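Printed below as a string of structure tokens:
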């Protein structure tokens with residue numbers, strides 16, 4: 014190909030080197046941009062957290078109210094407590110000898126047959 | 013009687029003509045054995061795709077395209093219409109084209125790789141990369157394979173533009189390889205696409221020995237700190253910023269990077285779910301079929317059965333190995349300056365060659381061989397997606413130099 018008639022080893026080595034370095038340069042630039050973006054959003058998050066903490070201070074409740082809320086919650090919780098039971102069911106199989114007194118067939122009313 | 017003889021002769025002539033026109037006769041003509049070899053290779057690739065499941069989504073259409081183009085007499089693909097880097101539109105206007113000629117226009121004009129990149133972008137989560145931007149360095153180092161192979165190809169006597177196309181195999185990124193090769197050296201498209209996709213399927217075989225050879229037992233057990241959470245706004249801004257910066261720096265990389273970032277923005281913005289799903293599924297699948305068939309169509313006997321193809325396959329291994337080594341070695345180098353607790357497990361460096369997400373999975377698997385409680389997957393996804401951006405940047409650079 015005429016276009017590459019003057020391309021030899023020195024040019025190829027230079028192209029490879031510049032190409033590889035350029036990949037690094039572009040991606041390092043992206044690292045800084047991403048870091049900058051991360052820093053900006055981290056600052057924004059911190060500002061939000063601080064603002065919400067301030068906001069919480071505005072609506073601060075007194076110690077007495079807090080104590081009353083805790084006591085009420087404990088009272089409600091304890092009133093719901095019951096004795097602990099095992100909640101385990103056991104079915105024992107009992108085998109009984111046959112007796113006409115516990116026979117189902119004899120216990121049922123026989124339907125008369127029409128002849 | 014004469015009429016009967018005449019009609020007999022006519023039928024005989026027609027039969028002879030029919031037999032001569034059939035593709036079977038071409039097998040016995042001069043050089044006909046090449047068609048048989050190519051059909052056998054196509055069948056072997058079909059076997060690898062179906063039975064061994066080597067990247068079947070792409071290898072199957074590629075192999076079938078190869079089969080169709082090597083059927084003598086079918087005239088489905090004419091490489092001469094695209095010779096010299098130009099499309100011979102006169103042949104299309106005259107209606108003398110085959111089905112695969114029409115499909116190949118999408119490759120030649122660089123449409124399919126970009127459409128696939130929109131889908132890839134929509135399927136990619138850049139979160140780990142945004143959380144740890146240092147991963148970009150590993151993605152850059154893994155492009156070492158591209159430039160080492162570029163020189164290796166030149167040593168084997170390839171033209172500089174062909175060297176660029178062969179080198180990009182090291183990007184381990186099919187659409188990028190096809191995009192660049194279609195522009196720089198379309199005559200090598202078949203072997204390069206086959207090498208790129210075959211080696212991508214072989215990443216779990218190629219990478220682990222190199223990763224183990226270049227790291228110590230202690231390094232393989234390094235546990236990395238948990239990544240920070242990335243906000244939705246950051247994820248939305250990322251594709252926009254990357255598309256602007258890279259396109260301004262390297263206009264030649266704009267089609268690939270722009271498409272990748274468009275797909276990602278569709279996914280992350282959350283207001284075009286229908287479009288995002290379409291590019292991830294329907295569009296991607298349709299384009300993969302067209303791309304596979306038309307790339308396979310370029311693998312004709314004349315372009316495929318020569319020493320160049322063998323060289324390309326060997327250089328492909330060098331490209332993947334060089335990229336893997338580059339990533340691992342840079343991670344080790346970065347550890348020399350990192351504080352205790354901030355060290356990088358060098359195994360994630362190998363994921364920088366892209367091949368998403370296979371290379372990241374390899375990092376995870378190798379890491380777990382040494383410490384079951386070490387989870388490297390999310391850390392490896394950073395360099396992995398950085399590798400996609402890195403290989404697109406490298407393709408843009410090569411295109412700017414050699415295009």
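Chains as they are written, first to last, in our numbering: chain A, 14 to 128; chain B, 13 to 415. We put the beta carbon where it would ideally sit given N, CA and C, even for glycine. None of these values were measured; they are calculated from a predicted model.
Short Cβ contact (9 Å threshold) for residue i with residue j
i: residue 196 of chain B; j: residue 411 of chain B; result: yes
i: residue 135 of chain B; j: residue 375 of chain B; result: no
i: residue 124 of chain B; j: residue 89 of chain B; result: no
i: residue 58 of chain B; j: residue 83 of chain B; result: no
i: residue 400 of chain B; j: residue 185 of chain B; result: yes
i: residue 77 of chain B; j: residue 306 of chain B; result: yes
i: residue 163 of chain B; j: residue 35 of chain A; result: no
i: residue 407 of chain B; j: residue 160 of chain B; result: no
i: residue 181 of chain B; j: residue 328 of chain B; result: yes
i: residue 274 of chain B; j: residue 255 of chain B; result: yes
i: residue 210 of chain B; j: residue 80 of chain B; result: no
i: residue 170 of chain B; j: residue 323 of chain B; result: yes
i: residue 394 of chain B; j: residue 156 of chain B; result: no
i: residue 226 of chain B; j: residue 341 of chain B; result: yes
i: residue 402 of chain B; j: residue 194 of chain B; result: no
i: residue 31 of chain A; j: residue 148 of chain B; result: no
i: residue 42 of chain A; j: residue 261 of chain B; result: yes
i: residue 392 of chain B; j: residue 373 of chain B; result: yes
i: residue 370 of chain B; j: residue 236 of chain B; result: no
i: residue 58 of chain A; j: residue 243 of chain B; result: yes
i: residue 335 of chain B; j: residue 183 of chain B; result: yes
i: residue 28 of chain A; j: residue 191 of chain B; result: no
Any non-hydrogen atom of the ligand FAD within 8 Å of residue i CB
i: residue 120 of chain B; result: The ligand FAD is not part of this structure, which contains no ligands at all.
Residue i - containing alpha helix (DSSP H), residue span
i: residue 330 of chain B; result: 319 to 347
i: residue 71 of chain B; result: 68 to 81
i: residue 179 of chain B; result: 172 to 179
i: residue 212 of chain B; result: 201 to 213
i: residue 238 of chain B; result: That residue, residue 238 of chain B, is in no alpha helix (DSSP H); it is neither H nor E in DSSP.
i: residue 359 of chain B; result: Note, residue 359 of chain B: premise wrong, no alpha helix (DSSP H); not H, not E.
i: residue 401 of chain B; result: 389 to 414
i: residue 8 of chain A; result: In the structure displayed, chain A extends from 14 to 128; residue 8 of chain A sits before or after that span and is not available.
i: residue 2 of chain B; result: Outside the shown range of chain B, which is 13 to 415, sits residue 2 of chain B, and nothing can be said about it.
i: residue 255 of chain B; result: 244 to 261
i: residue 193 of chain B; result: 186 to 196
i: residue 368 of chain B; result: No alpha helix (DSSP H) holds residue 368 of chain B; DSSP gives it neither H nor E.
i: residue 302 of chain B; result: 294 to 309
i: residue 49 of chain B; result: 45 to 62
i: residue 158 of chain B; result: 156 to 167
i: residue 25 of chain B; result: 14 to 33
i: residue 114 of chain A; result: Neither: residue 114 of chain A is in no alpha helix (DSSP H) and is coded neither H nor E.
i: residue 100 of chain A; result: Run containing residue 100 of chain A: none; DSSP gives neither H nor E here.
i: residue 271 of chain B; result: 266 to 281
i: residue 114 of chain B; result: 111 to 120
i: residue 151 of chain B; result: 147 to 153
i: residue 125 of chain A; result: Looking at the DSSP string, residue 125 of chain A is not in any alpha helix (DSSP H), and its letter there is neither H nor E.
i: residue 84 of chain B; result: No alpha helix (DSSP H) contains residue 84 of chain B, which DSSP labels as neither H nor E.
With 16 other Cβ atoms within 10 Å as the buried cut-off, status of residue i
i: residue 189 of chain B; result: buried
i: residue 112 of chain A; result: exposed
i: residue 415 of chain B; result: exposed
i: residue 286 of chain B; result: exposed
i: residue 232 of chain B; result: buried
i: residue 178 of chain B; result: buried
i: residue 368 of chain B; result: buried
i: residue 138 of chain B; result: buried
i: residue 94 of chain B; result: buried
i: residue 25 of chain B; result: exposed
i: residue 121 of chain B; result: exposed
i: residue 103 of chain A; result: exposed
i: residue 297 of chain B; result: exposed
i: residue 23 of chain A; result: exposed
i: residue 270 of chain B; result: buried
i: residue 246 of chain B; result: buried
Worksheet entry | Stretch pair the region 309 to 327 of chain B + the region 199 to 208 of chain B: three plus CB contacts closer than 8 Å | yes
Worksheet item: Are there three or more Cβ pairs, one per stretch, closer than 8 Å when the region 352 to 361 of chain B is compared with the region 170 to 189 of chain B?
Response: no
Item to complete: Give a yes or no on contact between the region 15 to 27 of chain A and the region 217 to 234 of chain B, applying the rule of three or more CB pairs nearer than 8 Å.
Response: The region 15 to 27 of chain A is not in contact with the region 217 to 234 of chain B.
Worksheet entry | Contact between the region 58 to 74 of chain B and the region 38 to 46 of chain B (3+ Cβ pairs under 8 Å) | Contact fails: fewer than three Cβ-Cβ distances are below 8 Å.
Fill in: Inter-stretch contact at 8 Å, needing at least 3 Cβ pairs: the region 281 to 299 of chain B / the region 146 to 166 of chain B
They do not touch, by the three-pair rule.
Worksheet item: Do the region 130 to 146 of chain B and the region 314 to 324 of chain B meet, that is, are 3 or more Cβ pairs less than 8 Å apart?
Response: no
Worksheet item: Should the region 48 to 55 of chain A be called in touch with the region 274 to 283 of chain B, which here means at least 3 C-beta pairs below 8 Å?
Response: no
Practice prompt. Mind checking the region 27 to 51 of chain A against chain C and listing, in chain order, the residues whose C-beta falls within less than 9 Å of any C-beta there?
Written response: The structure shown contains no chain C; the protein chains it does contain are A and B.
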